[in-house]
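If you read the sequences in order, they're chains R and F.
Residue numbers are given in the working numbering: position 186 of the first sequence equals residue 186, and the series is strictly consecutive.
Just so we're on the same page, the working numbering is the position in the second sequence counted from 1, plus 297.
C-beta: ideal position from N, C-alpha, C; glycine also.
One structure is given here, and the rest of the page talks about it.
2 protein chains.
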Amino acid sequence: MTTTTDIEGQLNRWRDRLNRFLEQVLPPNDTPPCRLHEAMRYSALAGGKRIRPMLTYASGHAFAVTPAGLDAIACAIEFIHAYSLIHDDLPAMDDDELRRGRPTCHLAFGEATAILAGDALQALAFKTLASCTAIPPEPRCRLVASLAEACGSTGMAGGQMLDLGVTGRNADLQELKQIHRLKTGALIRYSITAAAELGTRDSAEHDRLTRFGDCVGLGFQIRDDILDVTGDATLTGKAAHADAARNQPTFPALIGVDESTRAAESLLDEALDCLSAIDGDTRPLAWLASYMIRRDR
Amino acid sequence: MTTTTDIEGQLNRWRDRLNRFLEQVLPPNDTPPCRLHEAMRYSALAGGKRIRPMLTYASGHAFAVTPAGLDAIACAIEFIHAYSLIHDDLPAMDDDELRRGRPTCHLAFGEATAILAGDALQALAFKTLASCTAIPPEPRCRLVASLAEACGSTGMAGGQMLDLGVTGRNADLQELKQIHRLKTGALIRYSITAAAELGTRDSAEHDRLTRFGDCVGLGFQIRDDILDVTGDATLTGKAAHADAARNQPTFPALIGVDESTRAAESLLDEALDCLSAIDGDTRPLAWLASYMIRRDR
């Protein structure tokens, strides 16, 4: 793997591999309850960017973990992510209408089905990971427990709770960072560190990867906030200015677009620094970090 | 353990043990996000009957499994049950106002918090079970996977989906049984078979326990339907006639109260028959079966 094109080719192969795995693990539309499985597939196979699972394969690659051990982790992460989007979009939460360029799950299937599809995707995430015999039982238990931690009340779900609490009022930068550290950061960190768990027991390397995850997680979110202001809805697949419409505190609202862009670039620098101290091939991770923090969609 | 009083005493000690464990595992109210943890505790510590965890301790007792190995299973089951009640009560689902004699979670905390409290309780269930070192890693992985199966799209969540699908229209007895087999039956079966997994590898005993679980699960639900018609809301802690109010198919509506009572009694007989072929002390399981199928609350 020597050029950017090679790296992109590798990432595409990982994405294809994951998509095949997701397709196999999700119950087919004709398995009862059919409408529930249809809603789960609608949301989980909607062709998202698959950034979190790509981070998992890329991190595993850096530590020479075979992809067979990574499929279940990557798939579980994507199911958790898909469930969180379904629930976050609900009328009682962010009340969004557009996701990945299509009607949100509750608009396509109704609210009750959307709630259940999210619930069932969370369960399927844990089932997939816990039953993956390619990972020895002891690390598998640890990976299940840490995924549950990452998406629970002191992780992703807690971050969404904090986020709802600041909607419509002023929040400072520290508060905003803490929200993102939980709401999107926890699962992104997990995406990166889970794979490394299977490849290295070196705690200094884990610390570097955790810091790398912190930087790309926050940088990713800052970029998300910027795209909400400056982005093209036909590219992002989400309604533009949705944050402002619901009076949601964002980085651009607090410090402006230019300062937000500088903050994101500085996080990218720090992320790449963390990688430079890791022995394995971290180029796919570096590519993903740049993409996450500089993307236009 | 020789008399009914002794058995009730043992069940009370198991319930106390579980309640202490739940209390320890749930993050305290002053851990941020405080309001989310308050909602989780409000629902999970609401003093339910704890029937499912009691089944787990009683089943473990029959196969001489030490209680230390059962706490995490029992706790995970109760968290899954609590999350399912929160989500089932939501306006988009059954739209219930009263649960265990108090306002439902979304009335007490708002809909968004209730959705997140349910989501986070599901995650906490898997975290608790996956990190329980009293259970060896290999069976622990199996128990996590089978819990996820029991509460997912072909288990509990699938049953709720089917249930919503028949609201307001005619359903036949077979359809109703299939709904209950998933909606309440799957988690009740798991409560009974999970503990046995740690105590016996005899597949004939597992088959008997599974059948026992099928019988008490369905009998429990028939009794629930009967109580909705004949029960006292001050005892059940739920609004009476809620099923009829939302035009929900029930056993009494299909076959009448008397025939429903006979069906439940016949399931109890079959359940007790299954136990008689098991060597260990199954008296607490038998007590619970009678209680579940004959209770007045």
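For F423 of chain F, the neighbours in chain R by C-beta distance under 7 Å run, in chain order, F126, V144, A148.
Residue pairing by DSSP places L98 of chain R opposite R:P103 in a beta bridge.
With a 10 Å radius around the Cβ and a threshold of 16 neighbouring Cβ atoms, A68 of chain R comes out exposed.
With respect to chain R, the C-beta atom of A341 of chain F has no partner C-beta closer than 8 Å.
Contact between M351 of chain F and S153 of chain R is ruled out by a C-beta separation of about 26 Å, above the 8 Å threshold. Using a 10 angstroms sphere on the CB of A361 of chain F, the tally of other CB atoms stays under 16, which defines it as exposed. The shortest CA-to-CA distance from A120 of chain R to any of F:L387, F:S428, F:V463, F:A454 is the one to F:A454. When the beta-carbon positions are compared, L147 of chain R and A44 of chain R stay at least 8 Å from each other. Neighbours of M93 of chain R in chain F, taken as residues at a C-beta separation under 9 Å, are given in chain order as E408, A409, I412, L413. Put simply, the CB of S153 of chain R is near chain F, with a gap under 8 Å to one of its CB atoms.
Along the segment 497 to 579 of chain F, the alpha helix (DSSP H) occurs as fully enclosed runs of 4 or more residues at 500 to 527, 530 to 533, 539 to 542, 548 to 552, 554 to 573, listed in sequence order. 8 Å or more divides the Cβ of A195 of chain R from the Cβ of I51 of chain R. For Q122 of chain R, the residues of chain F that pass the 8 Å Cβ criterion are D416, Q419, A420, in the order they occur in the chain. Between P330 of chain F and L288 of chain R, the C-beta gap is not smaller than 8 Å, which leaves the two residues out of contact. By the neighbour-count criterion, in which a residue is buried when 16 or more other Cβ atoms sit within 10 angstroms of its Cβ, D504 of chain F is exposed. Of F:S557, F:I552, F:D525, F:G398, the smallest CA-CA separation from R543 of chain F is found for F:D525. Taken in chain order, the members of the segment 163 to 196 of chain R whose beta-carbon sits within less than 8 Å of a beta-carbon on chain F are L164, G165. Using a Cβ-Cβ cut-off of 8 Å, P325 of chain F does not count as an interface residue toward chain R, since no Cβ of chain R sits closer than that to its own. Contact between F548 of chain F and I590 of chain F is absent: CB atoms are separated by about 12 Å, not below the 8 Å threshold. Legend: CB atoms of the segment 344 to 373 of chain F lying less than 8 Å from CB atoms of chain R are not found in any residue. In the structure shown, R17 of chain R falls within a helical segment according to DSSP collapsed to helix, strand and coil.
In this structure the segment 83 to 95 of chain R does not lie against the segment 22 to 32 of chain R, because fewer than three pairs of beta carbons, one per stretch, are closer than 8 Å. Within the same chain, Cβ atoms closer than 7 Å to the Cβ of A58 of chain R are found at P284, L285, L288, the five residues on either side in sequence being excluded. In the three-state reduction of the DSSP assignment, C429 of chain F falls in the coil class, being assigned neither a helical nor a strand state. No Cβ-Cβ contact shorter than 8 Å links L413 of chain F with A112 of chain R. F109 of chain R sits in a helix when the DSSP states are folded into three classes. With 16 or more other CB atoms across the displayed protein chains lying within 10 angstroms of its CB, R486 of chain F is buried.
Distances from the alpha-carbon of C571 of chain F to those of F:V513, F:R559, F:L484 put F:V513 closest. In this structure, the beta-carbon distance from A130 of chain R to A343 of chain F does not fall below 8 Å.
Using a 10 angstroms sphere on the CB of G465 of chain F, the tally of other CB atoms stays under 16, which defines it as exposed.
Taking a Cβ-Cβ threshold of 8 Å, the residues of chain F close to R140 of chain R are P434, C438, in chain order. With a threshold of 8 Å between beta carbons, R99 of chain R makes no contact with chain F.
Residue-level contact by beta carbon fails for Q248 of chain R and chain F, as no gap is shorter than 8 Å. Nearest CB-CB separation between L22 of chain R and chain F: not below the 8 Å threshold.
At least one C-beta of chain R is nearer than 8 Å to the C-beta of A454 of chain F. Taken in chain order, the unbroken stretches of alpha helix (DSSP H) that lie wholly in the segment 306 to 391 of chain F and span 4 residues or more are 331 to 341, 348 to 359, 364 to 386.
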